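Colleague: Here's a structure for you.
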Amino acid sequence: METASTPTHCPYCALQCGMNITPLPRGGVEVSERPDFPVNRGALCGKGRTAAQVLSPAARLTTPLVRSGGRLVEAGWEEALDRIAGALSSVRAHSGPDALGVFGGGGLTNEKAYALGKFARVALGTSQIDYNGRFCMSSAAAAGTRAFGLDRGLPFPLEDIPRTGCVILVGSNLAETMPPSLRFFTELRENGGTLIVVDPRRTRTADQADLHLAPRPGTDLALALGLLHLVIAEGRTDEEYIRERTTGWEEARAAAMAHWPEYVERITGVSVPLLRQAVRMFCEPESAMVLTARGPEQQSKGTDTVGAWIDLCLATGRAGRPLSGYGCLTGQGNGQGGREHGQKADQLPGYRKLDDPAARRHVAGVWGVDPDSLPGPGRSAYELLDALGTDIRALLLMGSNPVVSAPRAAHVEERLRSLDFLAVADVVLSETAELADVVLPVTQWAEETGTTTSLEGRVLLRRQAVAPPPGVRSDLYVLHELAARLGVEKGFPTDPEAVFAELRRASAGGPADYSGITYRRLAEEDGVFWPCPAPVPAEGDGGDGEDALFDVEPDAPDRDGGAAPAAPAVHPGTPRLFLDRFATPDGRARFAAATHRATAEEPDAEYPLLLTTGRVVSQYQSGAQTRRVAELNAAAPGPFVELHPRLAARLGAAEGDPLAVVSRRGRAVAPARITDSIRPDTVFMPFHWPGEGRANTLTNPALDPVSRMPEFKSCAVRVEKVRRP
Ligand code: SF4
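Residue 38 is where the sequence shown starts when you use the numbering used here, and the numbers rise one by one after that.
The structure is reproduced here in structure tokens:
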């Protein structure tokens, strides 16, 4: 085994911090800083620093498990794969292909996400595939596509943040979710720029802001419209920009003018003077940005909410200009790439639309199948989970733990239990894997090579640094073997670079064009921003079709050893989008007129408070990995209910007292954490834990009509003191 360090990237969030992994002489590996990666410059949060612990065989699955006599027992790979293939074939034969469901994850590499989408549509022939990224950023993706014709989380690199004049950070607690990114905002303020944080809680991120706006949960749409109203009323719009680079202004203007500041103050609880101050801070510098995260996005009106923040950027001439614009801070490790390559219910690789005939023809050509054989769009993530045990009889799930992370989680758990057959491929025995009929132990980040795409749209190479434990196989192997057992012998390679080569062809010409990106470039350049089309060979240069186009190396000699013909220039990648035109057919950005509306579930006499959910720094998503890391578990051992001292006094609750939070969907119990950093009408719970304190037992699956995003960020609850015997 090599002892040299391997440069790679963190297994967790979308910042994809660079890190080195070094094998230790007595076994195991060590994670260390990698100061040369420009995003984190060596900084790592506690999750990244302790990431080596999730590689320990003690923390993870190393043997397939099959259910026998009601229990999961160890089995061989052949038996486990045969059982899955047999069950999928049987359900398909009896109930048709759409009785088979596939559920993926935003942590899967681009190669796995691509292969999983192809597996569902080609090997299974089902339309029923979606993934947990639907729960993450789908509203921002929908709003960005609607406004700009293209969704890339950040259309500019993070390094632009310190050089802008003002950032409005909406519903993001970066101090907990991706701490190394805070330095961009610290540098912004050191350079004279200002930071406005919008969050119902005075979080550690809000503590660093020049201005904190704390709207009632679920009212960010009204807040954005109120700010836009003031921009118009104070004559701060950029009329020339609006005229030349946008459409739909009159409708958006009229909608915003209906949202008087006093009306917005009543809805949001944010005072008119604070609204005016925010407008001044945003409009006075030459450049400014709005960045959103889960707060405004995880709402049943998330698409319109993000759309209103985009409208604020458009009305002030901010989008598509240097050091300015709108961006979404994607959360999961491959949240960006995970939504581009076909594991989403309505999409094909390259961020193509599944219902676009030209896209179907292109991808079907790469896959060697009849375009008419490809199924159409399927159900979104929650709708798919809700159909388990009824329309969908068998499910293959990779890299997700919906028992903890889905809304209305007790119902989702019951739906999973009602399936005829559940197969889970994962690194650990998650709460969802515990329900499975077959569990497959698969490789993870440092044990395999693959690519991810960070929140900046920067495609990165995660290199293999250690051998996987004996008994563990890759997800690509799983799909290859299952496809073969289902009669599809070709088209599912196990080599990630071969999968990436096919992904490049499938993405060529699409919105997320990766065709000019190779593993070699990723290694040499430490990441390439998409779109990055392959160079087009000049006429008559001897290219022999599509494969030649993808094999071009700029300085390669020709086959006879002579000087190569002038090679087409390699595309440098695209760190900044929209500077000349937007990706819409006419090149103009589109305003999206919207009006304030209530959350799907407003407080009433029975449920008088609002619950909002979120994350803590020492846990990640459903906690399936981080709850197995001793240091992280010690720092964040369990859930809690954050509440204001006035509410605590009303309940007669002291710090640490067990509290029951009750919604129309269930009850969760966790200790009180009393703080005046939260609004008195709101309680907060982190969602990383299963069991009695599972926050998602309470959350509301009301869906945004466009993005199909559930309303994680707001539901009506009551809080009761629990008397323990
Ligand atoms: Fe990993 Fe995100 Fe922490 Fe960076 S911020 S070390 S990518 S979890």
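For each residue, glycine too, the CB sits at the ideal point set by N, CA and C.
It should be emphasised that the depicted structure is a prediction, and the values quoted were computed from it without experimental measurement.
To the nearest whole angstrom, what separates the beta carbons of CYS752 and LEU648, a pair I think is in contact under 8 Å?
Modeller: At roughly 5 Å, the Cβ-Cβ gap stays under 8 Å, so CYS752 and LEU648 are in contact.
Colleague: Taking LYS758 as part of the beta strand (DSSP E), name the residues at either end of that continuous run.
Modeller: Unbroken beta strand (DSSP E) run through LYS758: 752-758.
Colleague: Are three or more beta carbon pairs between the stretch 360-375 and the stretch 143-150 nearer than 8 Å?
Modeller: In short, these stretches touch, since the Cβ pair count reaches three.
Colleague: Answer yes or no: do ARG78 and PRO192 have a C-beta to C-beta separation smaller than 9 Å?
Modeller: No, the Cβ-Cβ distance between ARG78 and PRO192 is not below 9 Å.
Colleague: Quick one: using the 10 Å Cβ neighbour count with 16 as the cut-off for buried, is ASN57 buried or exposed?
Modeller: Buried, because 16 or more other Cβ atoms sit within 10 Å of the Cβ of ASN57.
Colleague: Leaving out the 5 sequence neighbours to the left and right, which residues in its chain are closer than 7 Å to ARG313 when beta-carbon positions are compared?
Modeller: Excluding sequence neighbours, ARG313 sits near LEU267.
Colleague: Using C-beta distances below 7 Å, list every residue in its chain close to PRO252, excluding the 5 sequence neighbours before and after it, in chain order.
Modeller: Answer for PRO252: VAL235, PRO237, LEU260, THR305, GLY306 and VAL307, listed in chain order.
Colleague: Do GLU227 and VAL403 come within 9 Å of each other at the CB atom, strictly closer than that value?
Modeller: Their beta carbons are not under 9 Å apart, which means VAL403 does not touch GLU227 by this criterion.
Colleague: Got a sec? Which residues, its chain only, sit under 8 Å from ILE279 by beta carbon, not counting five neighbours each side?
Modeller: These residues qualify, in order along the chain: TRP286, LEU351, ALA352 and GLY354.
Colleague: So, for ARG500: in the same chain, excluding its five sequence neighbours on each side, which residues have a beta-carbon less than 6 Å away from its beta-carbon?
Modeller: The residues are THR43, THR45 and THR486.
Colleague: Leaving out the 5 sequence neighbours to the left and right, which residues in its chain are closer than 6 Å to ARG542 when beta-carbon positions are compared?
Modeller: For ARG542, where only same-chain residues beyond five positions count, the Cβ hits under 6 Å are VAL403.
Colleague: Using only the alpha-carbon positions, how far apart do LEU118 and VAL525 sit?
Modeller: Straight-line Cα distance between these residues: approximately 15 Å.
Colleague: Run the proximity test for ASN147: is its beta-carbon closer than 8 Å to any non-hydrogen atom belonging to the ligand SF4?
Modeller: Because no heavy atom of the ligand SF4 lies under 8 Å away, the Cβ of ASN147 does not count as near it: no.
Colleague: Would DSSP call GLU748 helix, strand or coil?
Modeller: If DSSP states are grouped into helix, strand and coil, GLU748 belongs with the strands.
Colleague: Is the stretch 608-625 in contact with the stretch 560-567, if contact means three or more CB pairs nearer than 8 Å?
Modeller: As far as the Cβ criterion goes, the stretch 608-625 touches the stretch 560-567, which means the pair count is three or higher.
Colleague: With respect to 8 Å, is the separation between the Cβ of LYS84 and the closest non-hydrogen atom of the ligand FMN below this value?
Modeller: The ligand content of the structure shown is limited to the ligand SF4, which means the ligand FMN is not among them.
Colleague: Taking just the CA atoms, how far does GLY154 sit from ALA88?
Modeller: Approximately 28 Å between the Cα atoms of the pair.
Colleague: Pick from THR340, LEU258 and VAL406: whose alpha carbon is nearest that of ALA184?
Modeller: It is THR340 whose Cα lies nearest to the Cα of ALA184.
Colleague: Cα-Cα, which of ALA325, VAL720, ILE121 and PHE628 is closest to LEU516?
Modeller: It is ILE121 whose Cα lies nearest to the Cα of LEU516.
Colleague: Please list the segments of the beta strand (DSSP E) lying wholly inside the stretch 689-747, counting only runs of 3 or more residues, in order along the chain.
Modeller: Within the stretch 689-747, the complete beta strand (DSSP E) runs of at least 3 residues are 695-700, 703-711, 719-723 and 737-740.
Colleague: Taking one C-beta from the stretch 448-463 and one from the stretch 164-182 each time, how about it: are there three or more such pairs within less than 8 Å?
Modeller: The stretch 448-463 is not in contact with the stretch 164-182.
Colleague: If you compare alpha carbons, which of LEU466, ARG731 and ARG273 is closest to PRO708?
Modeller: Here the closest residue by C-alpha is ARG731.
Colleague: Do you know offhand how far ALA560's Cα is from CYS50's?
Modeller: The alpha-carbon atoms of ALA560 and CYS50 are separated by roughly 21 Å.
Colleague: Kindly indicate the opening and closing residues of the alpha helix (DSSP H) around LEU559.
Modeller: Where LEU559 is concerned, the enclosing alpha helix (DSSP H) stretches over 556-562.
Colleague: According to DSSP, which residues form a beta bridge with GLU111?
Modeller: DSSP output for GLU111 lists LEU102 as bridge partner(s).
Colleague: Using the Cα positions of LEU768 and VAL68, report the straight-line distance between them to the nearest angstrom.
Modeller: No information on residue 768 is available, as it lies outside the stretch 38 to 762 that the chain covers here.
Colleague: Taking the alpha-carbon positions, what's the GLN662 to GLY508 distance?
Modeller: Rounded to whole angstroms, GLN662 to GLY508 spans 19 Å at the Cα level.
Colleague: Please state whether the Cβ-Cβ distance between PRO505 and THR480 is less than 9 Å.
Modeller: Closer than 9 Å, so yes.
Colleague: Classify ASP617: buried if its beta carbon has 16 or more other beta carbons within 10 angstroms, exposed otherwise.
Modeller: Answer is exposed; the Cβ neighbour count stays below 16.
Colleague: Quick check: the stretch 466-476 against the stretch 419-439, are at least 3 beta-carbon pairs closer than 8 Å?
Modeller: A contact exists between the stretch 419-439 and the stretch 466-476.
Colleague: Within 10 angstroms of its Cβ, does THR736 collect 16 or more other Cβ (buried), or is it exposed?
Modeller: Buried, by the Cβ-count rule.
Colleague: Buried or exposed for GLY599, please, with buried defined as at least 16 other CB atoms from any protein chain shown within 10 angstroms of its CB.
Modeller: Its pLDDT being 48, under 50, GLY599 is placed unreliably in this model, and the coordinates cannot settle the point.
Colleague: Among residues of its own chain, excluding the 5 on either side of ALA178, which ones have a beta-carbon nearer than 8 Å to its beta-carbon?
Modeller: Counting only Cβ-Cβ distances below 8 Å, and skipping sequence neighbours, we find ASP188, CYS365, ARG376 and SER744.
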